[in-house]
Amino acid sequence: MQKQKHSLASKLLLGLTVLFFYLPIIYIVVFSFNDSRSLTHFSGFSLQWYEKMFSDRTMMEAVGYTIFVAVVATIVSTIVGTLAAIGLSRSRKLLRNVVEQVNNLPVMNPEIVTAIGLLMFFSSLGVNKGLTTMLLAHIMFCTPYVILSVTPKLRSLDPNLADAALDLGATPLQALTKVIVPQIMPGIVSGALIAFTMSFDDFVISYFVTGNGVNNISILVYTMSKRVNPSINALSTLVIALITVVLIIVNVVPIIKEKRRTKA
Amino acid sequence: MKQFRNMVYPYVAWIAVMIVAPMLMIVLYAFTTAGNDVTTIRFTLDNFARFFSDQVFLDVLWRSLFIAVITTIICVLVGYPIAYAIAQRSEKSNMFWVLVITMPTWINMMVRTYAWVGILQDGGLINSLLGPFGIGPFKMMYTTFAVVLGMVYNFIPFMILQIHTSLTKMDKSYLEAAADLGANKVQSFLRVTLPLSLPGVLSGITLVFLPAVSSFFIPKLLGGGQYVLIGNVIETQFLTSGDWNFGSAISLIMAVIIMISMYITRKVDTDPAARGKED
Amino acid sequence: MEKKLIEFKNIVKEFDGKLVLKGVSLDIYENEFVTLLGPSGCGKTTLLRILGGFLEPTEGHVLFDGQDISKVPPYKREINTVFQKYALFPHMNVYNNIAFGLKIKKEPKDIIEQKVMRMLKLVNLEDYADRNVTEMSGGQQQRVAIARALVNEPSVLLLDEPLGALDHKLRQEMQHELKRIQQEVGITFIFVTHDQEEALTMSDKIVVMKEGEIQQIGSPTDIYNEPVNEYVANFIGESNIIDGVMLEDYKVMFEDKVFDCVDFGFDKNEAVDVVIRPEDLDIVPRTEGKLRGIVKSVLFKGVHYETVVETKLGTAITVKMVVKNGKPVFNAEANEKMSANDFYLDTADVDELDAATIIARADAQAWNPDTDEFVSIKDVVYQIKKENGTYPVTFSTAAGTSVTVNMIVKDENRVANKEYEEEIFAVNFFKNADEITESIALDTDLKTWANASAWSLEDGKAVEITNVHYDFDPETITPGVYDVTFSTEGYEYKVDTTDKYEVGDIVGLSFQPEDIHIMSKN
């Protein structure tokens, strides 16, 4: 598009868009440093809500569980999803279609449907609701996203690449690790990133399948939001900061790498 | 290669257990009476009959559909101009704006919804900003307005991104061709850009309508305990009343409604006759 | 003869119930350059992939050096492959691509470096070791792929249509390059292609395949000079293939003439294909040739002319064109002019007749003489029966301007040619002189006006009418009756000549008995 003057309306619209998207986020961050309990009047800077948060055992436990579940679910679903996607790309069409359809169910279905299904499933098997069920559920709904993000990369791959590796003496495992995986790495990374944030942010499914006092951050915010509690703002700010750091790393690292590569 | 092909089988087993089995359980529970055990399964349609004969539940269903439709319409009407305004800019600027729109979606939805509480409260940001001008105070929390606002806030990025993709993917030469054939800016927008971006709008509609109709914590957080949508009914059945059969039936009804609406959207997408006389 | 290296024993391969290879047996010797030649889908790539170890045969065995390797995985075979589109690893540079196999074998670093450098030299890419493979041209990638395979010192190199992605000039360059490399490293190359030119220039042995079966195995000269059937002849080089009948041993009849030949062993009066290569035909003065014809086209091919001589017209029909000097009707009141022609019809056409067809066939037009804008024809009034006769038709506009012309139904408008199994159709027609003068594509217009078409009597498919012949000068035509002849393609011979002949020359064609190759049909 050639350089052109954007109309005032267009600028105004985008300005309002930014305001709409970011005002609530900024608001919550600002009031986490508020001196008083109020969520409406900023009376002075203080870190008391952070102190409260860090000394609150349930909050800290929730943060711990959230991070633990997100990390484990990301690692497992990334490995499982990548292997499954590679297997699928070589499978017969019928099997591939069926698996892709089933794989899409948790993505397309409303989360609450997936959630109650898992709830009944775990209960009927007599599994105690808690960390295990939450972890299994998270792996279950994260893996399809990994597959969805790896599959297009596999499709664009020269179908002879693996054959070429075998031809040159690589065992199937070597062909996988030395040729296929490096090729689809961008898909794996973005799949892992999606899996991590899906797990980290999940509320609905965790809410239904957890129990025995195992909470994650979202559940905690949900249950505590009924009363005014500025510690939630502090917790929310923590979440925002964490995700922002992850996003910055993911977005900036490739740029730095690219710059280094072009310099070299 | 056979070695690689085998890697799919563990996952097939996993999804059979973790995806298919729970889905089948929902169907099974929806069509049976309470107190089943393995030996005696009693099939029934009572759960569905109960839902459709009780005005309370029907009201909830209508309200959920109404809220979802309103949310979707607002997302289209507001999202389209935003996507269009972004698409008009340079490629670099496009990347930046896509990031701006995407960033918030990575942040916990619960946290972002909770953030509105402080803004909408009776003594919250909006009312305290309007107060000095003698406007208000407005009651916004625990109203339909708050619920719809919460939904639009959470789901509109999907709409913007879908429309934006279809606008930027569009071959610029279509517009040049339209201009060449004598269409002015408004005409080429109405006759070329709009019809060509319709698939984006339609997939945006699916991405907004689906979570909007099934959402249950947005109404709870911003609509209050009295604001009941179909998702809240399901939650109650499972976590408070413990009536799994009825709860399964309701979620099946919801799933069917969603399937029908997605089918219609897809039909509009593939059926050129439904797109207007232009084709 | 050298030692047998690879033996395919009755290889059958089935994909989803479809037989791709129908029992292929083939021996390949050491140091041979073997080409598997055939169109896509003939099974040549499948055969190669079975040898490479990427596919298992449904039936049969592959012996390598006398050992059955049907079950040996690809990474344990002493065979390397240059893949279609090369399959270079895009995340590695040239050096690492070539070193891949050696690194897998854990060879010492300095040995790897020596070997890679030697390979780079072999393929003329010494300065490209650090280059990213995705930034290289097709020809360079091709060389990297060859180097990557050869560095492992295989006893056989498989090449799967490696030149397919290159442009013509580069392809010719690579053909020589490949041959040179093969001679330099002295191992067996098995090359898959659908390009006969590639096969002829490079191979020691060509294997022509069709639908999962081997048609012929032989040296390029064997296959070129003595193709076993029409399929092979067509695939190998351009040929003139004519229908003929083998009267007895050493006697073949085609174009209604009997010729001596060197072939024998056919059934009496067996229908055969007669193959004569363009370079075996000579153009001689018309009285001295065995066949006589007219030069139809001459194309300069760099070192020679490809001259096409037509020995016989195709199926032809001559119709009468009646040229009138009709003036358009002028309706002063409405300020409209109108014109239309009489036209001929076949009885078979009567059923499908409608107003639009009649307007088109009669070329009925109405227009405003001042603005030259067309006025639409409102009414077409006619009555017609399905028998020979003359039927009037009246065209009129809304303003009342009208013209009446005749539709003449008449049969005998088709000519069938039993020998050619085709039929041609055309009708007499009426035209105004100015329409002929003003035509910008007269041949096409004449075909349209005469409603000329031709089709095969075997399958009803349309046959192109390639010749429209007439004796008048369209610029100066005057009212009268003229003959117009439409005809289909006749027998044509491609002849390679060094002299240039003019289109329209009448010449003779001469050839020797040994230049005629007889092939049984199928």
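Residue numbers (the UniProt record's numbering), protein chains in the order written: chain D, 1 to 264; chain V, 1 to 279; chain H, 1 to 522.
Idealized CB from N, CA, C, for every residue including glycine.
Note that the structure is a prediction, hence the values are computed from the model and not measured.
Exposure of M259 of chain V is indicated by the presence of fewer than 16 other C-beta atoms within 10 angstroms of its C-beta.
For I232 of chain D, same chain residues with a beta-carbon under 7 Å away, outside a window of 5 residues either side, are V221, M224, S225 in chain order.
In the DSSP annotation of this structure, the continuous segment of the beta strand (DSSP E) that includes E492 of chain H starts and ends at 491-497. Chain H has a Cβ within less than 9 Å of the Cβ of G169 of chain D.
At a cut-off of 9 Å, the C-beta of G64 of chain D has no neighbouring C-beta in chain V. Along the stretch 64-93 of chain V, going in chain order, the ones with a CB nearer than 8 Å to a CB of chain D are P81, I82, A85, I86, Q88, R89, S90, E91.
Here the C-alpha atom of R191 of chain V lies approximately 14 Å from the C-alpha atom of D180 of chain V. Sequence-distant partners of N31 of chain H (beyond 5 residues in either direction) whose C-beta falls short of 8 Å from its own C-beta, in its chain, are E2, G186, I187, T188. Rounded to the nearest whole angstrom, the C-alpha separation of K494 of chain H and K172 of chain V is 49 Å. Measuring C-alpha to C-alpha distances from N96 of chain H to each of D:F122, D:V245, D:I184, D:A165 identifies D:A165 as the nearest. With a contact defined as Cβ atoms closer than 8 Å, M140 of chain D and I19 of chain V qualify at about 7 Å. Between the alpha carbons of F430 of chain H and I359 of chain H lies a distance of about 14 Å. With fewer than 16 neighbouring CB atoms inside 10 Å of its own CB, K259 of chain D falls in the exposed class. Around the beta carbon of K210 of chain H, 16 or more other beta carbons sit within 10 angstroms, so the residue counts as buried. Between F155 of chain V and the set V:V12, V:V69, V:L252, the nearest pair of CA atoms involves V:V69. Take the alpha-carbon of V150 of chain D and the one of E113 of chain H: they are about 35 Å apart. Comparing alpha carbon positions, the residue from D:L161, D:A241, D:N103, D:V98 closest to I25 of chain D is D:A241. Counting C-beta pairs with one atom in each stretch, the stretch 20-35 of chain D and the stretch 98-117 of chain V have three or more that are closer than 8 Å, which means they touch. Pairwise C-beta distances place the stretch 155-171 of chain D in contact with the stretch 94-108 of chain H, as three or more of them are shorter than 8 Å. Take G131 of chain V, set aside five residues on each side of it, and no residue of its chain has a beta-carbon closer than 6 Å to its own. The C-beta of R37 of chain D has fewer than 16 other C-beta atoms within 10 Å across all chains shown, which makes the residue exposed. Fully enclosed beta strand (DSSP E) runs of no fewer than 3 residues occupy 257-260, 270-276, 282-284 of the stretch 255-292 of chain H, in order along the chain. Restricting attention to H:D282, H:F472, H:N341, the CA atom closest to the CA of Y391 of chain H is found in H:N341. Going by beta carbons, A83 of chain V and I163 of chain V fall inside the 9 Å limit. Scanning the stretch 350-387 of chain H for uninterrupted beta strand (DSSP E) segments of 3 residues or longer gives 365-367, 377-382, listed from N- to C-terminal end. Looking from the CA of S439 of chain H, the closest CA among H:I477, H:S239, H:A99, H:G490 belongs to H:I477. For the set D:V252, D:A234, D:T114, D:I243, the Cα lying nearest the Cα of Q48 of chain D is the one of D:A234. Selection H:E14, H:K18, H:A147, H:L47 evaluated against E7 of chain H yields H:L47 as nearest (Cα-Cα).
In this structure, V252 of chain H lies away from G265 of chain H, with their beta-carbon atoms at least 9 Å apart. H469 of chain H is bridged by DSSP to H:T485. Among the residues of the stretch 47-61 of chain H, those with a Cβ less than 7 Å away from any Cβ of chain D are G52, F54, in the order of the chain.
Of the residues assessed, N325 of chain H falls on the exposed side of the cut-off, its CB having fewer than 16 other CB atoms within 10 angstroms.
Between I516 of chain H and F235 of chain H, the gap from beta carbon to beta carbon reaches 9 Å or more. T35 of chain H is classed as buried because its beta carbon has at least 16 other beta carbons within 10 Å across all chains shown. P392 of chain H carries a strand assignment under DSSP once its states are collapsed to helix, strand and coil. In this structure, the alpha-carbon of I317 of chain H lies about 18 Å from that of G460 of chain H.
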